[in-house]
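Residue numbers (our numbering), protein chains in the order written: chain Z, 393 to 869; chain H, 393 to 869; chain P, 393 to 869.
Every residue gets a Cβ at the ideal spot worked out from N, C-alpha and C, and that includes glycine.
Small disclaimer: the values here were computed from a predicted structure and weren't measured.
First the structure, in the form of structure tokens, and then the observations on it.
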Amino acid sequence: MTDPAHPALHPDRLFPAEPTTRAIARRLYAEVRALPIISPHGHTDPRWFAANEPFSDPAALLLTPDHYVIRMLYSQGVPLEALGVEPNGERHTPPAPETIWRTFAAHYHLFRGTPTRLWLDWVLTEVFGVDGPLTSANAAQTYERICEQLATPAFRPRALFERFGIEVLATTESPLDSLEHHAAIRASGWPGRVISAYRPDPVVDPETPGFIAHLERLGALAGTDPFSWRGYLAAHRARRAFFASFGATSTDHGHPTARTADLGERDAEALFERVVRTVRSGELSGADAETFRAQMLTEMARMSLEDGLVMQIHPGAWRNHNTPLYRRFGANMGADIPMPTDYVAALHPLLNRFGNERALTIIVFTLDESSYSRELAPLAGHYPALRLGPAWWFHDSPEGLLRFRQQTTETAGFYNTVGFNDDTRAFFSIPARHDAARRIDCAFLARLVAEHRLPENEALHVAHDLAYRLPKQAYRL
Amino acid sequence: MTDPAHPALHPDRLFPAEPTTRAIARRLYAEVRALPIISPHGHTDPRWFAANEPFSDPAALLLTPDHYVIRMLYSQGVPLEALGVEPNGERHTPPAPETIWRTFAAHYHLFRGTPTRLWLDWVLTEVFGVDGPLTSANAAQTYERICEQLATPAFRPRALFERFGIEVLATTESPLDSLEHHAAIRASGWPGRVISAYRPDPVVDPETPGFIAHLERLGALAGTDPFSWRGYLAAHRARRAFFASFGATSTDHGHPTARTADLGERDAEALFERVVRTVRSGELSGADAETFRAQMLTEMARMSLEDGLVMQIHPGAWRNHNTPLYRRFGANMGADIPMPTDYVAALHPLLNRFGNERALTIIVFTLDESSYSRELAPLAGHYPALRLGPAWWFHDSPEGLLRFRQQTTETAGFYNTVGFNDDTRAFFSIPARHDAARRIDCAFLARLVAEHRLPENEALHVAHDLAYRLPKQAYRL
Amino acid sequence: MTDPAHPALHPDRLFPAEPTTRAIARRLYAEVRALPIISPHGHTDPRWFAANEPFSDPAALLLTPDHYVIRMLYSQGVPLEALGVEPNGERHTPPAPETIWRTFAAHYHLFRGTPTRLWLDWVLTEVFGVDGPLTSANAAQTYERICEQLATPAFRPRALFERFGIEVLATTESPLDSLEHHAAIRASGWPGRVISAYRPDPVVDPETPGFIAHLERLGALAGTDPFSWRGYLAAHRARRAFFASFGATSTDHGHPTARTADLGERDAEALFERVVRTVRSGELSGADAETFRAQMLTEMARMSLEDGLVMQIHPGAWRNHNTPLYRRFGANMGADIPMPTDYVAALHPLLNRFGNERALTIIVFTLDESSYSRELAPLAGHYPALRLGPAWWFHDSPEGLLRFRQQTTETAGFYNTVGFNDDTRAFFSIPARHDAARRIDCAFLARLVAEHRLPENEALHVAHDLAYRLPKQAYRL
């Protein structure tokens with residue numbers, strides 16, 4: 393039952409309650425609300441926009457692939473199978489989509505106070521016109537209403553892309569990807585700007601299963617010898633250029649730590665050869681793997697200086713912490729857990745090599761909020777090449793976004809940050825996420841104005857910069 | 393002198409000042425204010441309720457045993473002896489209780505802005521009907537007033553238990569405890585529900601002084617051979633069953649770190665035997681002690697899965713950091729200091745063994761607030777067996793309770809938390825502590841409502857859950 | 393363009409917007425606003441007050457030496473040379489001061505939301521009577537206006553010292569300093585109280601370039617043999633006494649970590665001799681350097697107990713993180729970066745030796761905010777010798793000052809803190825910094841009052857203590 397005084401999508405949502413501050417937030421937000429969405433980092437599927445086919449059922453669209461959703465339900469005892477996740481190599485009859493949807497509705501209260509609730513309320517209300525929060529009572533009806541609409545042309549991927557006001561959307565692909573969907577999008581004549589980003593983890597992290605096969609494929613795609621250091625680097629250069637030809641303006645690196653290294657060329661070459669040899673023999677050491685990943689961040693920065701691709705570093709997650717679950721269901725089941733993450737020592741080799749380069753942009757993210765004020769803001773407030781990515785993953789939430797501004801602004805300012813990233817596979821929630829970020833930035837700025845720490849005309853300028861100008865500029869879009 | 397506009401116990405205390413938000417907080421609080429107190433974790437003395445004798449003088453009741461009180465006064469130069477603490481093995485004439493009370497009153501300003509001030513204002517005003525803050529001027533009069541009332545039947549332990557509205561109160565005992573007071577309570581026919589909790593640290597931590605003697609006594613009580621691995625584990629099972637027969641629904645583990653281990657049976661047995669041998673010979677290694685404690689957490693989880701006792705882990709305190717003080721006065725003198733605490737690697741063995749068990753509940757606490765958003769909320773928002781204990785010890789305070797909700801809710805939700813624990817020896821302050829927690833939860837929820845992040849009817853449901861339903865459910869009460 | 397509704401220096405700046413809370417903050421602030429400034433820790437140049445000559449041009453006065461200013465501009469691509477910083481040993485024609493000023497004005501938007509903006513707005517408006525924020529449009533005019541005023545007697549150092557209401561100002565000097573400027577100030581008959589503080593890092597840290605020469609000079613100044621352990625310690629005692637004779641009441645120690653040691657006398661002597669020998673031979677080990685610094689903190693505490701100097705420990709900065717920049721421009725270029733800092737283990741030797749001494753005061757600072765609630769407040773809320781320094785460096789900012797109070801007060805109270813330090817070289821901004829700290833403390837207290845956590849009459853007492861009484865008392869001024 394909805395409280396009529398508090399509809400799911402109140403126009404003042406996420407604004408401070410204090411009336412003066414709220415009025416300022418409203419004025420700031422009014423100026424940025426309708427700006428086009430710049431989505432420079434995310435994980436949507438380019439095939440959607442290439443094929444432009446209708447999306448599947450509500451559960452497969454909104455629930456099963458969303459790790460925020462399945463992790464919360466799993467934590468409260470709902471088996472992953474009940475959410476449509478299929479165990480590897482087991483005989484399994486998945487539940488009907490309607491059943492998954494009802495299970496979700498029966499547990500919707502678990503999301504109270506979470507960003508998932510905000511995003512899904514937005515999707516249900518704004519995209520599908522459903523009234524009030526989801527409940528067991530309205531689950532079947534809501535399911536039907538979504539299904540009906542998904543079948544209409546207005547809910548095809550390209551139509552929604554346009555309806556959502558997306559100016560540019562970056563997907564993320566491995567160097568081994570053919571970018572065929574990006575090619576198809578271009579060939580189709582559709583003007584939507586969907587670009588790729590170069591994420592070389594599978595050919596950079598020697599602990600990735602299938603590393604040697606990946607290198608073989610890399611070499612084949614690039615036409616170089618991937619088992620020589622020079623050929624391997626040349627293959628990266630070739631694939632980066634190929635990605636750039638499909639609009640990519642950035643690379644992305646998801647490493648366990650932020651460690652970087654700056655070996656001499658001979659040492660780097662010797663390390664590469666030892667890594668290849670020991671991966672093949674099953675004797676790769678953890679230390680070599682870590683040093684190789686660390687060295688490759690510096691190599692990638694060197695290439696970025698040549699080809700202009702912006703570099704993103706996403707460190708600090710212990711992937712697949714739940715080993716039994718990983719064995720049964722694979723990755724991305726909501727079991728990635730943040731770790732304490734060092735930046736000051738870790739980035740020292742990279743920053744000492746390239747941190748003073750004004751032509752280079754390195755965007756760093758964190759899952760360890762204690763590093764905001766202690767390490768990241770001080771680093772970004774000094775090195776010309778460094779910028780801070782927005783509050784990430786678990787911290788892409790109202791409180792998390794606010795803490796990011798509260799803990800970075802005074803040392804790094806606004807202009808060493810890069811606006812918002814939605815970083816999502818959940819296409820339907822992209823506008824909700826950008827809207828939340830804009831609202832929180834306006835709320836933060838409104839407090840500065842209300843406390844006479846910034847004139848309102850300047851705050852308006854900043855709001856516009858954060859919502860639109862800074863991401864375009866930082867990602868060279 | 394009391395400001396008449398700001399009495400010590402204002403009905404709106406701890407609520408946000410912004411009028412709309414305050415009005416919401418009031419409405420939420422009105423619905424949970426009078427709910428019975430569930431106190432599933434604490435350190436009151438069961439003898440009080442067994443004997444039901446009058447409490448002693450105000451200083452011995454409210455000051456000398458309260459480590460929050462004595463640590464603050466000691467930090468500002470008041471000797472512990474002046475507070476009634478007796479040095480070990482020294483000739484010492486303790487000050488008169490009235491003198492201790494006056495010393496305290498003269499330093500009451502030190503507690504401005506601390507939870508001790510909130511709790512003691514509540515005890516003086518609500519329990520004893522004293523007006524205004526304690527001062528040197530009213531110290532003697534206040535002392536007398538408390539003494540008079542303590543002598544009356546209405547201030548005996550059982551009468552206060554009932555007056556305080558306590559539905560269930562858990563104490564904490566060692567496996568070596570006979571639970572005689574719990575037996576006496578049951579035998580008395582008094583219906584107050586006072587239960588025990590199983591805290592095996594003295595027979596689990598081989599660095600405890602007297603460890604071997606403790607094991608001997610454990611074996612004698614349980615009727616098993618405590619120096620064989622199987623006999624030792626069987627003794628735990630027997631004592632856990634004994635505790636459960638006195639209403640215990642939980643175990644509690646206060647370890648220096650959160651480290652767990654999952655050794656094979658032979659390795660565990662060999663470790664146990666080495667630990668016993670080296671403790672006897674005085675050659676116990678720190679590494680063996682740590683691994684043994686780590687392994688025992690996993691053994692305790694295994695037993696919890698069998699007998700249904702909820703498991704609590706309280707890690708991260710450097711006990712008795714002030715060595716000279718410890719030598720003179722012993723433990724619990726306010727010199728326990730929190731340390732950075734890792735959970736992600738530390739709990740990995742335990743969670744990989746039992747974290748997916750829906751029949752198991754492990755409640756984890758922290759003294760390291762940086763772990764809330766980085767580690768604990770992500771872990772609890774994934775593993776079915778894991779729940780987050782409330783803000784603990786130094787963080788059981790208005791700002792601390794608020795930070796707990798601000799930093800855990802968005803990732804773990806409300807339903808992976810377990811309501812409030814008072815965790816106290818200070819019986820008289822129990823209602824004040826629960827009241828503060830309810831007020832802060834309502835204040836947090838009121839902000840969500842005022843910012844249109846949660847409808848008020850749902851917030852009311854959550855307030856009720858946090859105050860009453862969740863602790864009963866999580867602790868199986 | 394200034395928003396007329398929001399002048400640069402609104403009388404309510406930094407106060408919460410909520411009207412009831414703001415009204416309380418105003419009342420508290422009205423009582424502390426005009427209190428004299430106690431500046432017990434800073435880095436102004438005593439020569440200014442000795443010579444009392446006019447300050448130089450606006451750029452050399454306000455921009456080039458301010459590491460907050462140059463780090464932000466450098467981070468956004470402005471070369472240090474363009475800000476008047478001269479590279480070591482390179483031929484370089486520095487830009488005209490007017491040009492530097494214009495460069496700064498063109499980038500003034502970068503400081504939105506930072507304390508530098510607050511301080512500089514205050515200096516421009518209050519000290520120089522300039523209207524509105526600095527812009528490219530008014531840069532030339534502003535520059536001229538500052539120049540004109542700097543040429544007048546009212547803008548000489550002593551006149552400003554008096555105008556600023558400074559009761560006492562501590563500078564910081566090395567034991568190798570002759571204190572000639574302090575002597576000249578005394579000899580001049582000017583009554584301004586400018587005192588020194590003893591900062592022995594150059595003769596305590598064996599990794600300092602020129603360490604052996606420093607010891608030689610130390611011995612010459614003190615008349616002892618600086619290469620024997622006893623002579624070295626005696627030299628410290630002599631120089632401390634010399635500093636005290638010029639009003640010094642404190643020492644200051646800027647170490648990479650907070651590590652302390654408590655070696656026996658022979659071990660300490662042997663370590664000293666090994667350090668001297670290995671520094672000479674170029675074979676100093678990092679471990680010996682760290683242990684020597686650690687031991688010297690304990691030696692300094694021992695001397696403080698003898699001579700009454702208050703001891704300050706400022707740990708946790710990675711100095712000159714940007715090696716290429718350091719090589720070109722030297723230290724203090726905005727490239728010092730905080731690191732995670734341990735206090736619990738690090739201070740254990742020192743606190744176990746001297747932490748219970750009521751006659752000793754050790755003031756500890758941090759750049760790692762995660763230690764506030766976890767380590768520092770618990771330590772300071774227990775050890776009689778320990779006090780918490782205020783939010784430091786990157787955290788001397790509205791949000792940082794507020795977090796300090798929010799995260800330390802509940803455990804350490806107000807009375808284990810020591811009021812505010814400006815810690816600055818930027819003489820003109822000293823009143824702005826103290827004013828901001830007073831406003832934030834009043835804002836914090838106002839919230840306690842508005843939430844009925846503290847009566848207003850007591851809050852007023854605390855506000856006065858924080859602004860004036862506590863720093864005088866803690867620093868024995």
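Given the structure, does residue i come close to the ligand PLP, in the sense that its CB is under 7 Å from one of the ligand's heavy atoms?
i, result
"residue 625/P", "Here there are no bound small molecules, and the ligand PLP is not part of this structure."
In this structure, does DSSP put residue i in helix, strand or coil?
i, result
"residue 851/H", "helix"
"residue 703/P", "strand"
"residue 778/H", "strand"
"residue 511/P", "helix"
"residue 676/Z", "coil"
"residue 814/Z", "coil"
"residue 573/H", "helix"
"residue 594/P", "helix"
Of all Cβ atoms in chain H, is any one closer than 8 Å to the Cβ of residue i?
i, result
"residue 402/Z", "yes"
"residue 566/Z", "no"
"residue 812/P", "no"
"residue 717/Z", "yes"
Just tell me which of the options has its CA closest to the CA of residue i.
i, options, result
"residue 816/P", "507/P, 497/P and 683/P", "507/P"
"residue 411/Z", "486/Z, 856/Z, 842/Z and 450/Z", "842/Z"
"residue 590/Z", "596/Z, 564/Z and 608/Z", "564/Z"
"residue 801/P", "766/P, 481/P and 723/P", "766/P"
"residue 710/H", "759/H, 823/H, 753/H and 729/H", "729/H"
"residue 727/P", "617/P, 551/P and 713/P", "713/P"
"residue 788/P", "717/P, 829/P and 416/P", "829/P"
"residue 878/P", "403/P, 623/P and 537/P", "Nothing can be reported for residue 878/P, as the shown portion of chain P is limited to 393 through 869."
Looking at the C-beta of residue i, does it have a partner C-beta in chain P at a distance below 8 Å?
i, result
"residue 696/Z", "no"
"residue 507/H", "yes"
"residue 760/H", "yes"
"residue 776/Z", "yes"
"residue 805/Z", "yes"
"residue 862/Z", "no"
Indicate whether at least one CB of chain Z lies closer than 8 Å to the CB of residue i.
i, result
"residue 593/P", "no"
"residue 407/P", "yes"
Give the residues of chain H in contact with residue i, contact being defined as C-beta atoms less than 9 Å apart.
i, result
"residue 741/Z", "What residue 741/Z touches in chain H: nothing, since even the nearest Cβ is about 25 Å away."
Which chain P residues are close to residue i, counting only those with a beta carbon under 8 Å from its beta carbon?
i, result
"residue 799/H", "Result: empty, since nearest Cβ-Cβ is about 12 Å, beyond 8 Å."
"residue 714/H", "743, 744, 747, 748, 774 and 775"
Just to make sure I have the definition right: I need the residues of chain Z whose C-beta is within less than 9 Å of the C-beta of residue i. Which are they?
i, result
"residue 732/P", "732, 734, 736, 762, 763, 766 and 767"
Would you call residue i buried or exposed, if buried means 16 or more other Cβ atoms sit within 10 Å of its Cβ?
i, result
"residue 773/P", "buried"
"residue 484/H", "exposed"
"residue 779/Z", "buried"
"residue 544/P", "exposed"
Which residues in chain P have a C-beta closer than 9 Å to the C-beta of residue i? List them in chain order.
i, result
"residue 808/Z", "464, 467, 468 and 502"
"residue 854/Z", "501, 504 and 505"
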